[in-house]
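In what follows, a single structure is set out as structure tokens and then discussed.
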Amino acid sequence: MITDAAVVAAGAAVPLAAGAVDDGGAAPVAGRTATAAPVASRPPASPLPRTDPRPNILFVLTDDQPKETDWAIRRTADWLGGQGVTFARAHANTPLCAPSRASIMSGRYAHNHGVLDTRHPYHLDQHTTVQRRLHEAGYRTGLFGKYLNYWHTGDNLPHFDEWLLQEPVAYYDGHYNDNGTVRNIPGYNTTVIRDRALAFIDRSRTDTRPWFAYVATRSAHELNIPERRYRHTRVPEWPGRPAVYEGDKSDKPPFLRAAKHTYERGEALRTRQLRTLLSVDDAMRDFHDELRALGQLENTLVVYTSDHGLCWADHGWLRKSVPYRPSLEVPFWLSWPARGLGEGTVDDRLTGHVDIAPTFLDAAGLTPDTPHDGHSLLDPRYDRDRLLAEWWWNRQDQEPIHTWATLIGRSTQYTEYYRTRLDRPAGPPHAGRRRGPLP
Ligand SMILES: [Ca+2]
5 MITDAAVVAA GAAVPLAAGA VDDGGAAPVA GRTATAAPVA SRPPASPLPR TDPRPNILFV
65 LTDDQPKETD WAIRRTADWL GGQGVTFARA HANTPLCAPS RASIMSGRYA HNHGVLDTRH
125 PYHLDQHTTV QRRLHEAGYR TGLFGKYLNY WHTGDNLPHF DEWLLQEPVA YYDGHYNDNG
185 TVRNIPGYNT TVIRDRALAF IDRSRTDTRP WFAYVATRSA HELNIPERRY RHTRVPEWPG
245 RPAVYEGDKS DKPPFLRAAK HTYERGEALR TRQLRTLLSV DDAMRDFHDE LRALGQLENT
305 LVVYTSDHGL CWADHGWLRK SVPYRPSLEV PFWLSWPARG LGEGTVDDRL TGHVDIAPTF
365 LDAAGLTPDT PHDGHSLLDP RYDRDRLLAE WWWNRQDQEP IHTWATLIGR STQYTEYYRT
425 RLDRPAGPPH AGRRRGPLP
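Residues are numbered in my numbering as their position in the sequence shown, beginning at 1, plus a constant of 4.
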């Protein structure tokens, strides 16, 4: 962890001291019971022998899950932290849903892939996605859950063999594109997509192709409606981080000086998030058990992360979209025992979501055929000394949030704010463009 980062900021940003959360798991978890086996019609036959040595890839992406949430995903942390690598300095490159997800799929910064806000999912060139490359290379590909904000529900997903796409994303009784048929499916989002992902994985009993499963939950995005049995689960108390109690914000930009959210609001948001994440942990347990039953735990690359973090009233801010650590940092685990990445180690390299697609292609033995801004995490020789993150003030925000770019270093962070907005016709050269380098 970065514990003493100094922030050198042209536009005023300060380091956010890490607050310790006493999440030792001592608090009781009411109603945490095992669920019924989700794959009821599983054939009894043993899996066919695999001749393709390439690993399966299970990618689990939560929504708006910041760090300091391990209490809710204890079994996930035990599995992937104990039998994998904890990336302690993992970041979103743009702390906003759609740009971050486009960076994950393309391995590119937002100023290169062109999805700068949540309203333009079709700016992403589908040819640049990791699913396109894996699919063409013979992987069986599936997506279950959230794709990109404002993707038309009736539009099928390119480069996936099957999908259960939900848009807009709701917790209960959602509206889905189910392999080309738009329909409502009753039940809790995390459970519905878990079951479909399990069925997809289970088909590897008879289909010997390696598979790529992209599982994207609604949790832990607001409104954070927990599964019914977790509605009243007690969560550990939270003391709040120092930034929550910041009294003098005269060094902050105007939009942050105007932010007035209190500890109580932050603590309540945290409680809601932890409760919905309990269902994600249940799903992860089932993924683990399914992989074990299939004999695929060893040669499946599992990555778990969130599209970005979230502020819990840090500096009075109750959202993402700012260049502060709770907004930028994400939980990130990678496990691949067959590659020797199953030892419970910690990797302190500065990493970003632009590294995910290069990592998946590297694992599959594929050379990228479109440009990447990130690098494979499987290559221990690669180590950056700074990482770019960026964000654009867009039409969703009527009140100004400054556009910004930040360089995250090992112990320092440099942030610049710009008074530009995406949809304004005039502005600095980079404002509103789909492509092009930052100034
Ligand atoms: Ca998000």
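Where a beta carbon is used, it is the ideal one built from N, C-alpha and C, also for glycine.
Residue environment analysis places K264 among the exposed positions, since fewer than 16 neighbouring C-beta atoms fall within 10 angstroms of its C-beta.
One thing to note: G378 has its Cβ within 8 Å of the Cβ of V358. The alpha helix (DSSP H) runs of length 4 or more contained entirely in the stretch 157-220 are, from start to end of the chain, 193-206. Your pair P230 and T280 checks out as a contact, with CB atoms roughly 5 Å apart and the cut at 8 Å.
At least one heavy atom of ligand 1 is found less than 7 Å from the C-beta of D311. In this model, F216 and R209 are separated by some 15 Å (Cα to Cα).
Inclusion of C101 in the 7 Å shell around ligand 1 follows from its C-beta lying nearer than that to a non-hydrogen atom of the ligand. Setting aside the 5 residues that flank it on each side, S110 is surrounded in the same chain by H117, L128, T132, T133 and A361, each with a C-beta closer than 7 Å to its C-beta; the list follows chain order. Annotated three-state conformation of I77 is helix, per DSSP. The beta carbons of Y175 and Y192 sit about 7 Å from each other, so the pair counts as a contact at 8 Å. In this structure V64 is buried. Its beta-carbon is surrounded by 16 or more other beta-carbon atoms within 10 angstroms. I412 is bridged by DSSP to L391 and Q417. Per DSSP, the beta-bridge partners of H95 are E333 and G356. Shown here for P51: same chain residues with a beta carbon closer than 7 Å to its own, the five before and five after excluded, namely S208, R209, L298 and G299 in chain order. Short of 6 Å from the beta carbon of L227, and not among the five residues preceding or following it, lies no beta carbon of its own chain.
Going by DSSP, D285 is part of no beta strand (DSSP E) but of the alpha helix (DSSP H) stretching over Y267 to L298. One thing to note: S104 has its Cβ no nearer than 8 Å to the Cβ of H376. Counted as a single uninterrupted DSSP element, the beta strand (DSSP E) harbouring I61 occupies residues N60 to T66. Leaving aside the five residues that flank E271 on each side, the residues in its chain whose CB is nearer than 6 Å to its CB run, in chain order, W242. Taking all protein chains in view, the Cβ of D255 is surrounded by fewer than 16 other Cβ atoms within 10 Å, so the residue is classified as exposed.
Taking a contact to require three or more Cβ pairs closer than 8 Å, the stretch 93-100 and the stretch 332-347 qualify as touching.
The residues T212, R213 and P214, in chain order, have a CB closer than 7 Å to that of D56 in the same chain once the five nearest residues on each side in sequence are set aside. Taking all protein chains shown into account, H319 has 16 or more neighbouring C-beta atoms within 10 Å of its C-beta and is therefore buried. Remark: three or more beta-carbon pairs, one from each stretch, lie closer than 8 Å, so the stretch 279-294 and the stretch 75-86 are flagged as touching.
G158 sits exposed, since fewer than 16 C-beta atoms from the chains shown fall within 10 Å of its C-beta. For V134, the enclosing alpha helix (DSSP H) starts and ends at V134 to E140. Just so you know, the alpha carbons of R414 and A367 end up roughly 27 Å apart. If you look at S380, you'll find it isn't in any beta strand (DSSP E); DSSP assigns it neither H nor E.
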